[in-house]
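Structure first, then comments.
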Amino acid sequence: MVPETYQVDAGGHITIGGMRIEDLAAKFGTPLYVFDYQTLVNRLTMFQSAVSQSAVPGMVAYAAKAFFTVPMGRLIQSLGLGLDVVSGGELFTALAAGIDPQRIMFHGNVKTPEEIAWGLDRGVGYWVVDSLDELDQLDQAAGERHQEAAVVLRLTPGIDAHTHAFIRTGHFDSKFGFAMAEGISDRAVERVLNARHLRLAGFHAHIGSQILETEPFLANAEALLRYSRSWYDQKGWWPEVLDIGGGFGVRYQPDDDPPNPAAIIQTVQSLLAEWTPATQRPPRLIVEPGRSVVAEAGVTIYTVRARKTTPGGHGYVAVDGGMGDNIRPALYQAVYQAEIDGKVHSDRRIPVSLVGRYCESGDVLIPQAHLPAADVGDRVVVFGTGAYNYAMASTYNRVPRPAVVVVREGQPTVWVRRETWQDLITLDNP
């Protein structure tokens, strides 16, 4: 729930990465996204170590959608990881960071002709495809370049992960993937096998996000292996890669109990070895962690700007950010924990709604936050904001987006500068 270097001193002041929250806020302003470098590196290396423990080959493809910048890309490249991108913009950022395109999985249920052309011209390693239309488009574009594109078909195995409906993607009615029912996925496989400029490299299924159980991951892997074995029996085809996606849950609340990703990965690698025909090599296992790498590494610092109590006794604490920098509570009722810097040890806490500055009644960061009495100017720290906060931030109400600062052994580095009012009109027609 908190970064690995999180500490609280006797006065109730919070330190992250060896730097005090108040010092960060004073130096860089608020709202402010803060990441702990040590947590980022340790989470990435944990996944890298997990896929390296078995004779079954593996690759970690970090899910850029969770949080991605050029400096984050450089860190990923330095550790030898791959990347999962879902747009030309993410791919452009990855290449600007120096990531090897052969280690990139190009996902997304829609890729524009420009994105397909750009990715082919730059040598993207794998194309994750989930529509017949895109298969035809990719086949044509690859043929025009006298290339063969390596395709990983995204399948929906009909597995119901127990998570929010908006982030549940493995059921048959999902907008993603080819359903493994009614011959839908079979037609996609045949289309690739018969295509002139496509090569079927393997299968992928991502069943959801923020999954707090082990069984759905194993069921997903077994479904992909069973399906692969059926094609081996029919056609002699066996996958070179099997991509089980991500979705590993994290602790947003004290009682959240996510499973150990390393244990899941090692169990899946054992399954791959068991299911592989004697004459074949086990497919390369690909895992795509995103949230589980960055969520707990990040916090957001706000400053209290107003307080009020309604006639019914409902207390509000309003801060200088909100849904523009964290849309998740409004979008799918995401729940967070917060503390007031300098008051962490306070025993007297009151229920209040921690709300933002945006002109929406739904701009509520934490509906029921149990906080010490807040004063104007207090710094509020919201935990677990490293995933899908900066990535989904907007300039709604023409409020500039916050800076991103990474702290390492007491030294802060700006990874993304704070937007300015001038930035807001840069693209406007004068």
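For the sequence shown, full-length UniProt numbering begins at 1 and goes up steadily by one. Built from N, CA and C at the ideal position, the CB exists for glycine as well.
Please report how far the alpha carbon of Tyr302 lies from the alpha carbon of Met323, in whole angstroms.
When rounded, the separation of the alpha-carbon atoms in Tyr302 and Met323 is 12 Å.
Should Arg168 go down as buried or exposed, given a rule of 16 or more other Cβ atoms within 10 Å for buried?
Caution applies to Arg168, whose pLDDT of 46 falls short of 50 and renders its modelled position unreliable; the value that the coordinates give is listed next. By the 10 Å Cβ count, Arg168 comes out buried.
Counting pairs of Cβ atoms below 8 Å between the stretch 133 to 141 and the stretch 107 to 116, do you hit three or more?
yes
When DSSP labels each residue in this structure, what does Met72 get in the three-state scheme?
helix
For Ala63, which residues in the same chain have their Cβ closer than 6 Å to its Cβ, ignoring the five residues on either side in sequence?
If we look at Ala63 and ignore the five residues flanking it on each side, its Cβ neighbours are Asp84, Gly246, Glu288, Gly290.
Considering only the beta carbon of each residue, do Arg43 and Val293 sit closer than 9 Å?
Yes, these two residues count as a Cβ contact at 9 Å.
Specify the secondary structure class of Pro412 as computed by DSSP and reduced to three states.
strand
Are Val414 and Phe28 closer than 9 Å when you measure CB to CB?
yes
Rounded to whole angstroms, what is the Cα-Cα separation between Ala338 and Val381?
Separation of Ala338 and Val381 (C-alpha to C-alpha, rounded to the nearest whole angstrom) is 5 Å.
Any idea if Thr163 is buried or exposed, counting beta-carbon neighbours within 10 angstroms, 16 or more meaning buried?
Unreliable positioning characterises Thr163 in this predicted model, as indicated by a pLDDT of 47, which lies under 50. The coordinate reading is nonetheless provided below. Counting C-beta atoms within 10 angstroms of its own C-beta, Thr163 has 16 or more neighbours from the protein chains shown and is therefore classed as buried.
Pull up the distance between the alpha-carbon of Ser209 and that of Arg229, whole angstroms please.
Cα to Cα, Ser209 sits roughly 27 Å from Arg229.
Given a cut-off of 9 Å on the beta-carbon distance, is the pair Glu115 and Leu95 in contact?
Taking 9 Å as the cut-off, the Cβ atoms of Glu115 and Leu95 do not count as close.
Can you tell me whether DSSP reads Gln53 as helix, strand or coil?
coil
Mind pulling the beta strand (DSSP E) runs of 3 or more residues that sit fully within the stretch 279 to 343?
Complete beta strand (DSSP E) runs here, min 3: 284 to 287, 298 to 309, 315 to 319, 338 to 340.
Identify every run of the alpha helix (DSSP H) within the stretch 189 to 273, keeping only runs that are complete inside it and at least 4 residues long; order them along the chain.
215 to 235
Can you name the start and end residues of the alpha helix (DSSP H) that Gly58 belongs to?
Per DSSP, Gly58 belongs to no alpha helix (DSSP H); it is in the beta strand (DSSP E), 58 to 63.
Using the three-state DSSP reduction, which class does Ser353 fall into: helix, strand or coil?
strand
For Gly82, does the three-state DSSP call read helix, strand or coil?
strand
According to DSSP, is Val404 helix, strand or coil?
strand
Does DSSP classify Arg122 as helix, strand or coil?
coil
Would you tell me roughly how many angstroms separate the C-alpha atoms of Asp423 and Gly98, rounded to the nearest one?
26 Å
Starting from Phe35, trace the beta strand (DSSP E) in both directions and tell me its first and last residue.
32 to 36
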